[in-house]
Amino acid sequence: MRNLQETLEALVADAVLALYGKAPQKRDIQLQKTKKDFEGDVTLVVFPFAKPAGKRPEEVAEEIGRYLCEHHDLLCAFNVIKGFLNLTVSSSYWLEALEELRSCGTNYGCREGGSDAALMMIEYSSPNTNKPLHLGHIRNNLLGYSLSEIQKANGWKVVKTNIVNDRGIHICKSMLAWKLFGNGETPESTGLKGDHLVGKYYVVFDREYKAEVKALVEGGMSEEEARKNAPLMQQAQEMLRAWEQGDRETRLLWERMNAWVYNGFDETYRKLGVDFDKIYYESDTYLEGKQEVERGLDEGVFVRRDDGSVWADLKPEGLDEKLLLRADGTSVYMTQDIGTAKMRYDDYPIERMVYVVGNEQNYHFQVLALLLDKLGFQWGKNLLHFSYGMVELPEGKMKSREGTVVDADDLMAEMIATARQTAIESGKLDDCSPEEVDEIARMVGLGALKYFILKVDPRKNMLFNPKESIDFNGNTGPFIQYTHARIKSVLRKAAEQGINCNAALDRNCLPGPKERALIQALTEFPAVVAQAGKEFSPSLIANYVYELVKEYNQFYHDCSILREEDPERRLLRLVLSSCVASTVKTGMRLLGIEVPERM
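Residues 193 to 791 (this note's numbering) make up the sequence shown, in order.
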C-alpha cells in the first residue's frame, strides 16, 4: 500500500523548493495526524520553513497549502491555525486505499521474511524446575511470545527459545524436602500437577529451614552462621555436590521430579498459548560454561583465588568483581549463561540475540555481555536484554519460597470462570451452545489477561487487577473481542441477505468524514507494526487496536450499515467493517490473543 506519510513528505519538499528555492532537510518536514478538534487529515508544522522563507509562519502555511492543492489531486483543501497547516486528503484517495486494504487480506501490515531473512533468537520463560509458573512468568511468556510474532511480522526469521534452570541449589531444596518429608507422594497419588507438587516441597524446605535457623539463633549462634550451618542447608549443598559428581541415586531422583515438572509446564504453556522452537537445559549448558571459564583462566582473562574460586575483575569497566566458579568447583548462573550463549551461536546463525528477562537482572546481562566479549566472542556486546518491569498485585509483591505467588494455572482458570459469569450475566452468550460458551469463555478470559498485561509499556512495573481486566468496556481485551464479534455478526447478516461484499466499490460513492477517519486509522497499522518491532513494544499494537475499535464503535453508532438505503454506500461500509475486523484480528494475533467470531 502507498505510504501517505512518505508521499506527503515528497510533495512538501517539492513545494518548499518551488516556493523558496531551497530543498528542506528531511528532519524539517514534520507531519502528524490532525487533531480531532480541527478540520483536516494531516497537519504540517511549518515553523522550520518560516525563517528561510523570511515570512511569518501563517503566510508560509498559506502559500504551501495553496501550492499543494493547486498542483496535486491528492489534496483537496487546507486551513491554517497559526504555524500549523491542516491538509485534507481527497476522498478518492481514501476510496482507493480501502480497495487496497481489502486486497491485502489477513497479512495486512505484516512483512514476512524470505528464506534469506536474518535470524533473531528470542529467549523467554526461563523457569526453574522447583516451582510452578506464576503471574511473573505469565508476563514474561506473553512478552516473549508477542515480541516473536511482531519481529516475524517485520521480516525477521525468529527462533523462540527457552532455557530451563533445571539444576542448582534451589532445585536440590525441593528434592531434599520431598525425600525427607514427601512419604513417596506423586502427581498420580495426590492429583496435583507435577510442577505444583514439586513447588509444594520448595515451600516445605523454606518452612523447615527457617525453623532450624531460629533454633540455632536461640542457641546463641549469629543469624549469618545459623543460615550457613542449618542442617537442611548443609544437606542441600551436599546434594548439589553429589549431583555434579554424577551420583546415581541423586540423578535418578532429579530426573523423576523434573519429569513431573515438565509435564506440568507443558500443560500450562498449552493453556497460555505460547510455544518454543528450541529448549535448552542448564544441566547441559553449565558444563560448556565451565569449559569456557577454564579457558578464560588459562588465557589470563579470569583469576583463581586461594580458596579455588574463579573470578572476573570488571573494575576497569566500572563494575565489580564477578564470581564464576565457587571454591568447591560448582558453577553459578553466569557460568551457565556463558555456556548457553556459546551453544546457541554454534547451533544457529544468529544475527540478534534477545533475552526477555525482568529488570532485576539488568546488571547480570551487562556483565554477561562483557564476559563474552572478553572471551573473544564477536557477538558478545550485541546481545539485547529486553528488560521489563515487575508485576505486582494490589496486595504487594509475590514470594515463591513463602508460597505467596499467584499461580499461573489458578489465575487462568479464575479468569476464564469470571469471563463466563460476566458474559452470561450480560446476556451475551444466550444464543450459544454449551460448547460455544466454553470456547468463548476461554478466549475472553485469556484475552482479558493477556491484553491487560501487554497494553502496558513493558519497561514499567505494573499492577495487575483481574477485576479491571475482564470489563467489557474501556481499554480491555473483552471490549476489543466483542467489537470484532459484532462486526462478524453484521457481515453474516449481510451474507444472509444476499449482499456480495466482494463486489467492486462504486468510484462515485466517496467516503464521508466518519468513513475517512476509519480508513485513515487502518492505513496507519503497518507503521505501528514497524514501530513496535523497532522499539520492542507490544503495547504500541495493543493501544492501536483499542483506538481503532473505539473509532469503529463511534462509526457504528453514527452510521447505518445494513439499514443504509443506498446499496453502494452500504457496500462501502460493509467492506470498511470487514477491513477493520481483519486488522483487529491481525493486531490481536501479534499479541497472542484470539478473537471470537460470535459472542
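Just so it is clear, CB atoms sit at the ideal spot from N, CA and C, and this is done for glycine as well.
Go to residue i, then tell me how far its beta strand (DSSP E) extends in each direction, as first and last residue.
i	result
Cys268	267-273
Gln222	222-225
Leu236	234-237
Ser579	576-580
In whole angstroms, what separates the C-alpha of residue i from that of residue j?
i	j	result
Val559	Ala504	10 Å
Arg359	Lys482	14 Å
Arg781	Leu740	15 Å
Arg248	Phe239	9 Å
Val708	Leu290	According to the sequence as given, residue 708 is Arg; it is not Val. Those two C-alpha atoms are separated by around 9 Å.
Glu509	Asn554	16 Å
Ser340	Ala719	18 Å
Asn745	Glu631	25 Å
Glu757	Asp698	15 Å
Pro614	Met791	One point to set straight first is that residue 614 is Thr, not Pro, in the sequence displayed. Cα to Cα, Thr614 sits roughly 12 Å from Met791.
Tyr736	Gly779	8 Å
Asn551	Ala202	42 Å
Asp499	Gln343	47 Å
Ser625	Ile608	17 Å
Lys591	Asn322	Residue placement at Lys591 is poorly supported in this model, since its pLDDT is 48, which falls under 50; the coordinates still yield a value, given next. Lys591 and Asn322: Cα-Cα distance of roughly 13 Å.
Tyr580	Thr668	21 Å
Leu279	Ile672	31 Å
Leu164	Leu384	With the chain covering only 193 through 791, there is no way to say anything about residue 164.
Arg462	Ser338	15 Å
Gly595	Val636	Because the pLDDT at Gly595 is just 48, under 50, the model does not fix this residue reliably, and the value given afterwards should be weighed accordingly. Their Cα atoms are separated by approximately 28 Å.
Gly492	Met545	27 Å
Gln224	Leu563	44 Å
Pro216	Gln222	11 Å
Leu445	Leu516	27 Å
In terms of DSSP beta bridges, what is residue i paired with?
i	result
Arg544	Met312
Ile471	Asn354
Trp503	Val495, Leu515
Glu584	Leu655
Gly550	Tyr580
Asp599	His326
Leu277	Leu236, Val272
Lys349	Leu311
Ser681	In the DSSP output, where bridge partners are listed per residue, Ser681 has none listed.
Ser523	Leu517
Is the beta carbon of residue j closer than 9 Å to that of residue i?
i	j	result
Phe717	Tyr285	no
Arg612	Ala633	yes
Glu786	Leu621	no
Met425	Tyr393	no
Ala451	Gly386	yes
Tyr472	Ile355	yes
Trp370	Val395	no
Gly336	Ala309	no
Asp469	Thr353	yes
Leu714	Ala724	no
Thr530	Leu432	Checking the displayed sequence, the identity of residue 530 turns out to be Ile instead of Thr. No.
Where do the ends of the alpha helix (DSSP H) carrying residue i lie?
i	result
Asp663	Element bounds for Asp663: n/a, residue is neither H nor E.
Trp452	440-464
Trp286	283-296
Glu739	730-750
Ser340	327-345
His388	386-410
His362	361-373
Cys771	759-782
Asn421	415-421
Pro319	From DSSP, Pro319 is part of no alpha helix (DSSP H); its letter is neither H nor E.
Gln712	705-715
Ile645	626-646
His263	249-263
Glu201	196-212
Thr378	Counting along the chain, Thr378 falls outside any alpha helix (DSSP H), and DSSP gives it neither H nor E.
Among the residues of its own chain, which have a CB less than 8 Å from the CB of residue i, if the five just before and after it don't count?
i	result
Tyr547	Glu315, Phe557, Leu575, Leu576, His577, Phe578
Glu415	Val405, Val409
Thr675	Val741, Tyr744, Asn745, Val776
I'd like the list of long-range same chain contacts for residue i, defined as Cβ closer than 7 Å, with 5 residues on each side in sequence excluded.
i	result
Glu688	none
Ile679	Ser769, Val772, Ala773
Cys701	Glu760, Arg761, Leu764
Gly456	Pro324, Lys385, Gly386, Asp387, His388
Arg593	Because the pLDDT at Arg593 is just 45, under 50, the model does not fix this residue reliably, and the value given afterwards should be weighed accordingly. If we look at Arg593 and ignore the five residues flanking it on each side, its Cβ neighbours are Tyr394, Val395, Asp398.
Pro541	Leu311
Residues in the same chain with beta-carbon distance under 6 Å from residue i, minus the five sequence neighbours each way, listed in chain order, please.
i	result
Val583	Leu327, Gly328, Arg331, Met654, Phe656
Gly488	Phe494, Leu567
Would residue i pass as an interface residue toward chain B - the criterion being a Cβ-Cβ separation below 9 Å?
i	result
Arg544	Of the protein chains in the structure, only one exists, and it is not chain B.
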